[in-house]
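Below is one structure, written out as structure tokens, with a few remarks after it.
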Amino acid sequence: MAEGPAMDEVEFGRYRLLSLLGEGGMGQVWRAHDTVTDRVVAIKLLPPNLSKDQDFQRRFRREAHAAARLETPHVVPIHDYGEIAGRLFVCMRLIKGRDLAAVLAEGPLEPARAVRIIGQVAEALHAAHEIGLIHRDIKPSNILLDNRDFAYLIDFGIARAADDTRLTKTGNTIGTFAYIAPERLDGRPEDARADIYSLACVLYEALTGHPPFAGDTMGRLVAAHLSDPPPRPSADQPDVPAAVDRVIATGMAKDPDQRYATTVELADAARDAIAVPLARPAANPAFLAATEPAPNRFTAEPTLTATRQGGPPPSQPEPADEPLPEALPAPPRQRRQALIGAALLVAAVIAGIIITNVSHRPSTTSQPSATSTAAAPTTPAGPPLVVEGALEGLLLNPEQINTAMGTTGMTVNGDWVPTSMTGDYTTRVADKNCLPLFGPAEQAAYDGSGWTSVRNQQLRDSKYYKIKAGQAVVLLRSAHDASAFFTASAQQWPTCSKFAVTWEHHADLYSVGPVSNANGMLSANVDFGDGVGRCQRALTVVNNVVVDVESCIDSNDVRLLPGSAVAIAQQIAAKIPT
């Protein structure tokens, strides 16, 4: 763990905070001296406001207690946890080293080294899975290496129990999109096999120096994880044996049933694969596990939780120039030489993955698929895609907007350009994750989404400009693209709690919350101007259309009708063919 500059020592109970090691959304990590045990440790301090949340406190203490009793060499041990001076904290061993992300910034690893590191992480994960815990945020920055390449799995956030509905009624997915399993994106039940997918993604990056899927937006990465076939590391790096391609294909199978049953099986298969003599890379780099066809990225229409109707069936892949290798079946677990202790650094430790109780235990044996000579049932065709000419008719008229907002006198702003995005505010909004919450149809928020057309309208009261509404319908190339955009937005909105907007002569501070995702409708309150101004944001998708709405007031003299943005979005959504 790289240390930051030394700071003035701060007393924190029995600990002296010596220097700040890192800082993020879930608090700070300090190099500290434990005056009781006379040792240098790492202290994770959570934000002060979390100490006031009783549900969070109970969850924190449960998870920290579970983590503290875990004993495995590849997880950072927890020494102590609790609350001091109104701050929740976790004290753990200080590890000197750097994370795998920093190592990979220098280039890909030699295959044997990559597999050796992944094998250690697999041991830690398997130990966790054995006692019903899922990590859910496997990525290079959560893997710490000391100077001997000894790997530790670390956590940069707060864990929660997936099946603990008493303590966790809602939850935000805190996954890094480059490594996230597809079942976490489309609402399917998830279990420990989501970690297997993520670990296979990290193995691919360790071998090639880059994540398996390229994409500079969440929408692109979501679409890739849902639809794109696993890439071939041997096509990228000539020193990677072709046998490793099958390991990646199995580990990253879209269907969890087609993956390895455990992380150690993945690691064992990778170890065996690098022992295979190198073969000349295949001429055709396209690769697909034989267990599922490759839909075209923007034409496949898997059913996603964000949509309310299906789409056309996925297109079939083009014939390959050579036979495609099959995904390796999950082999029976090899005999281990040593027992693995219960393992995994939980939640409130130095980092923040989500560790969850396994709600569905994966089977260790693959069930044979039944064969039949009967013809497969025909998939019913979904609704026809909405075309550009229909967008104008989806917007509400001023009377409907006035009614939804509980006011009168709002008219269309004639200065608004109805066929373009609102604009590019990237130079005014410092936190790019918060751009979508600044208003509907923000240009940067839709970059990479596959949008093709927009109808965008603003209405406001004609006298004082204290009330306004924005309604936009954005056409995407497919219902799949629209669903991917909704999924990415549902991940992104909760990450923004405050943001500043810089104008010519002043800056406004905006605060966000709460964010809700219910019944396919994403919504949030956004306050600004010391609470004088308030907006409501709402976003939903139907078919290949994104409905993006805002309702605002800018005065204490008027009241914003609760749920007005959602009401407008629902009325627009009801007009879209399903």
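This note's numbering puts the first residue of the sequence shown at 2, with every later residue one more than the last.
All C-beta atoms in this analysis are idealised placements derived from N, C-alpha and C, irrespective of residue type, glycine included.
Keep in mind that this is a model prediction, so the values were computed, not measured.
**Proximity winner among His66, Leu200, Glu206 and Leu222, relative to Tyr261 (alpha-carbon distances)** = Leu200
**Prompt:** So Ala480 is in the alpha helix (DSSP H); what residue range does that whole segment cover?
**Reply:** Ala480 to Gln493
**Prompt:** Which of helix, strand or coil does DSSP assign to Pro330?
**Reply:** Low confidence applies here, because Pro330 scores a pLDDT of 40, under 50, leaving its location unreliable and the question unanswered by this model.
**Prompt:** Among Ala574, Asp138, Ala224 and Pro213, which has the Cα closest to the Cα of Leu395?
**Reply:** Ala574
**Request:** Hey, could you find the ends of the beta strand (DSSP E) Leu586 is sitting in?
**Result:** Outside the shown range of the chain (2 to 579) lies residue 586, about which nothing can therefore be said.
**Item:** For Leu460 and Thr423, believed in contact at Cβ under 8 angstroms, the rounded distance
**Value:** About 14 angstroms separates the two Cβ atoms, so there is no contact after all.
**Request:** Report buried or exposed for Ala452, applying the criterion of at least 16 other Cβ atoms within 10 angstroms of its Cβ.
**Result:** Here the sequence assigns Trp to residue 452, which means Ala is not the residue at that position. So Trp452 counts as buried.
**Item:** Proximity below 9 angstroms, CB of Glu184 to CB of Pro230
**Value:** no
**Message:** Looking at the secondary structure, which residues open and close the beta strand (DSSP E) in which Ile44 lies?
**Reply:** Arg40 to Leu46
**Request:** Give every residue of the same chain whose Cβ lies closer than 6 angstroms to the Cβ of Gly564, excluding the five residues on either side of it in the sequence, and list them in chain order.
**Result:** none
**Prompt:** With a CB to CB cut of under 6 angstroms and the five nearest residues on each side skipped, what residues in its chain are close to Ser552?
**Reply:** Met406, Ala470, Gln537, Ser565 and Ala566
**Request:** Could you tell me whether the stretch 513 to 526 touches the stretch 481 to 500, where touching means 3 or more Cβ pairs closer than 8 angstroms?
**Result:** yes
**Message:** Pop quiz: His80 and Val42 are said to be a contact at Cβ under 8 angstroms. What is the actual Cβ separation, rounded to whole angstroms?
**Reply:** 6 angstroms
**Message:** Which residue marks the beginning of the beta strand (DSSP E) containing Asp509, and which one marks its end?
**Reply:** Ala508 to Ala519
**Request:** Give, in chain order, every unbroken run of the alpha helix (DSSP H) that is at least 4 residues long and sits entirely within the stretch 246 to 279.
**Result:** 264 to 274
**Prompt:** Using the C-alpha atoms, what's the distance from Ala508 back to Arg560?
**Reply:** 24 angstroms
**Opening and closing residue of the beta strand (DSSP E) in which Asn526 lies** = Met522 to Phe529
**Message:** Tell me the DSSP secondary structure of Phe90 in three-state form.
**Reply:** strand
**Prompt:** Skipping 5 residues on each side, what residues in its chain have a beta carbon closer than 7 angstroms to that of Lys170?
**Reply:** In this prediction, Lys170 scores a pLDDT of 31, lower than 50, which makes its location untrustworthy; the coordinate-derived value is nonetheless stated afterwards. Counting only Cβ-Cβ distances below 7 angstroms, and skipping sequence neighbours, we find nothing.
**Asked** What number of angstroms, rounded off, separates the C-alpha of Arg117 from the C-alpha of Asp100?
**Response** 15 angstroms
**Asked** Helix, strand or coil: which one does DSSP assign to Cys435?
**Response** helix
**Item:** Spatial distance of Asn173 from Asn518 (CA atoms)
**Value:** In this predicted model, Asn173 has a pLDDT of only 35, less than 50, meaning its place in the structure is not dependable; the value taken from the coordinates is given anyway. About 10 angstroms.
**Message:** Tell me the DSSP secondary structure of Glu131 in three-state form.
**Reply:** helix
**Asked** Less than 9 angstroms separating the beta-carbons of Ile132 and Asp192?
**Response** no
**Request:** Please say whether Phe486 and Ser524 have beta carbons closer to each other than 9 angstroms?
**Result:** no
**Prompt:** If Leu476 sits next to Val418, beta carbons under 8 angstroms apart, how far is it from one beta carbon to the other, in whole angstroms?
**Reply:** The pair is not a contact, with the Cβ atoms about 16 angstroms apart (cut-off 8 angstroms).
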